[in-house]
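Here the structure comes first, spelled out in structure tokens, and everything after it is commentary.
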Amino acid sequence: MFDHGASPPPPARNPVCELKRPEVRAPVPAVLLLLCASLLSWTAPSLASGFLDPSIDLPLSPLPAGLHSLMPVPVENPLTTAKIELGRKLFFDQSLSRDGTISCASCHRPDKAFTDGRALPVGVGGRRGRRNAPSLVNAGYGKAMFWDGRADTLEAQALHPLSDPLEMGNTLEAVLARVHEDRFYRKLSNAAFGTALMRSQQIAQALASFQRTLVAGNSPYDRYLLQRDDAALSDAARRGLTLFRGKARCAHCHEGPLFTDQKFHNTGVSWGKVPFDFGRFEHTGKDEDKGRFKTPSLRQLTDTAPYMHDGSVQTLEEVIEFYDRGGTANGNLDPSIKSLSLLRQEKADLLAFLRMLSTMER
Ligand code: HEC
Ligand code: HEC
Numbered sequence: 010m011f012d013h014g015a016s017p018p019p020p021a022r023n024p025v026c027e028l029k030r031p032e033v034r035a036p037v038p039a040v041l042l043l044l045c046a047s048l049l050s051w052t053a054p055s056l057a058s059g060f061l062d063p064s065i066d067l068p069l070s071p072l073p074a075g076l077h078s079l080m081p082v083p084v085e086n087p088l089t090t091a092k093i094e095l096g097r098k099l100f101f102d103q104s105l106s107r108d109g110t111i112s113c114a115s116c117h118r119p120d121k122a123f124t125d126g127r128a129l130p131v132g133v134g135g136r137r138g139r140r141n142a143p144s145l146v147n148a149g150y151g152k153a154m155f156w157d158g159r160a161d162t163l164e165a166q167a168l169h170p171l172s173d174p175l176e177m178g179n180t181l182e183a184v185l186a187r188v189h190e191d192r193f194y195r196k197l198s199n200a201a202f203g204t205a206l207m208r209s210q211q212i213a214q215a216l217a218s219f220q221r222t223l224v225a226g227n228s229p230y231d232r233y234l235l236q237r238d239d240a241a242l243s244d245a246a247r248r249g250l251t252l253f254r255g256k257a258r259c260a261h262c263h264e265g266p267l268f269t270d271q272k273f274h275n276t277g278v279s280w281g282k283v284p285f286d287f288g289r290f291e292h293t294g295k296d297e298d299k300g301r302f303k304t305p306s307l308r309q310l311t312d313t314a315p316y317m318h319d320g321s322v323q324t325l326e327e328v329i330e331f332y333d334r335g336g337t338a339n340g341n342l343d344p345s346i347k348s349l350s351l352l353r354q355e356k357a358d359l360l361a362f363l364r365m366l367s368t369m370e371r
């Protein structure tokens, strides 16, 4: 049974790691701990791409090992500590929902790598969502948001949940009235945007800025690969890595530093199940997109069960069984999905490897 009434735990308080700037003193959520070391030894970001605003006040550099050192940030929304701070307050604020019970963090909990641990989320009034809440870890690198990619950026995504009737169920007018009446919000807004009365676009910018700080790298896999630390991976995990790239075909789609090609594929997860969810097709209307969903990152997997867009797969063992039998057959199945005939030992090795994609530092 789902635990409808549960409220999320408050963000973990960490006495040591706080953002460096004197004006920013709020505790940071658990995954941010990964940034501790980098914040304390903060150096100016190196700029190798015209995509970043050179005047950026970037409190995130260097990023944890294994992640691309430049996170794309839209020129019109440079990262500043004031915006991150405002975004953090908005993210954890239940009073932005229609009935005051749900915040972004209700479904994106810091202690679960910003997922909710449920198959399907529960929004205002106990309403059940239709898709599994994805992790927000490393979402700042995402090229498309949502399982079907219907929003391009974190900014474009951020206002959806506030007014989604299955999520926070509010109106933007009510959200604006709420933040305008609150003295603390007015102060934070002034620091972030030079106006006490923020507009909805600025709420989106602040939420996006906060989410860009949710990064996780420096896993045993990263230490093995980048620091040539052979002891970081067991023999089993190393064999699993070879399978991941070879016989098991995982790297066809789960590639690069985030283990995603950021594309959409049909693996047949919910094919034929009611209620129908055609994924990417719902956004593009193209037949070939039927049953395609975004390839999720595999980082921090140990915290993000249950898995897949419908939350139908409970464990990583089951995930491996799913791929071993070649997904669910359907007319649109991705050509990379084939039955794998993995031996029992190979399944165990693959599992050992997948577990090494999470940071162990908490
Ligand atoms: C009731 C649960 C719920 C609440 C509340 C909620 N979300 Fe989500 N979130 C989801 C679900 C479910 C999805 C996936 C929906 C889909 O793909 O159609 C999602 C997707 C996202 C994504 C896209 C991530 C990706 O990689 O595709 C982002 C970013 C996000 N949410 C941020 C937020 C923010 C910011 C808030 C608060 C303003 C919020 N969410 C509130 C459940 C929730
Ligand atoms: C054809 C591309 C493709 C291949 C090959 C592939 N995956 Fe996936 N993977 C996806 C897509 C797309 C999803 C999301 C599917 C959905 O929810 O409908 C996914 C989901 C997952 C998830 C769930 C993650 C989450 O957060 O819910 C895991 C774990 C996973 N894959 C591991 C693997 C492993 C291990 C292999 C190799 C045995 C593999 N994948 C092969 C595309 C692929």
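Here the sequence shown is numbered in the numbering used here, starting from 10 and rising by one per residue.
Backbone N, C-alpha and C fix where the C-beta goes; we use that ideal spot for every residue, glycine too.
On a predicted model such as this, the values are computed, not experimentally measured, just so you know.
CA-CA distance, residue i and residue j?
i, j, result
"Arg221", "Asp319", "25 Å"
"Pro266", "His189", "40 Å"
"Asn275", "Ser78", "31 Å"
"Thr304", "Thr311", "17 Å"
"Ala57", "Met80", "Residue placement at Ala57 is flagged as unreliable, the pLDDT there being 26, under the threshold of 50; a coordinate-derived value is accordingly withheld."
"Ser104", "Glu176", "13 Å"
"Ala91", "Val82", "16 Å"
"Ile8", "Phe100", "Any question about residue 8 goes unanswered here, given that the chain covers just 10 to 371."
"Phe362", "Phe193", "46 Å"
"Thr251", "Ala122", "26 Å"
"Arg353", "Met154", "36 Å"
Go ahead and pull the three-state DSSP assignment for residue i.
i, result
"Val322", "strand"
"Val188", "helix"
"Ser361", "The question names Ser, yet the displayed sequence has Ala at residue 361. Of the three classes helix, strand and coil, the one that applies to Ala361 here is helix, per DSSP."
"Val133", "helix"
"Arg301", "strand"
"Ala408", "Outside the displayed range of the chain (10 to 371) lies residue 408, so it cannot be described from this structure."
"Phe268", "coil"
"His77", "coil"
"Phe155", "coil"
"Gly336", "coil"
"Gly288", "strand"
"Phe101", "coil"
"Thr90", "helix"
"Arg353", "helix"
Quick one, are the C-beta atoms of residue i and residue j less than 9 Å apart?
i, j, result
"Glu355", "Ala257", "yes"
"Phe302", "Asp296", "no"
"Leu129", "Gly149", "no"
"Asn199", "Gly281", "no"
Using the Cβ count rule (16 or more neighbours within 10 Å means buried), how would you classify residue i?
i, result
"Leu235", "exposed"
"Arg308", "buried"
"Asn6", "Here the chain covers residues 10 to 371 and nothing more, so residue 6 does not appear."
"Asn141", "buried"
"Glu32", "Bear in mind that a pLDDT of 29 at Glu32, under 50, signals an unreliable position, so the number given afterwards is only what the model happens to contain. Under this definition Glu32 is an exposed residue."
"Asn227", "buried"
"Ser348", "exposed"
"Val146", "buried"
"Asp358", "buried"
"Asp125", "buried"
"Ala314", "buried"
Beta carbon of residue i: closer than 8 Å to some heavy atom of ligand 4?
i, result
"Arg301", "As for ligand 4, it is missing from this structure, which binds only ligand 1 and ligand 2."
Any 3 or more C-beta pairs closer than 8 Å across the segment 318–333 and the segment 196–204
Cβ pair count under 8 Å is below three, so no.
Count Cβ pairs between the segment 87–104 and the segment 209–217 that sit closer than 8 Å; are there 3 or more?
yes
The segment 108–121 in contact with the segment 239–251 per 3-pair CB rule at 8 Å
no
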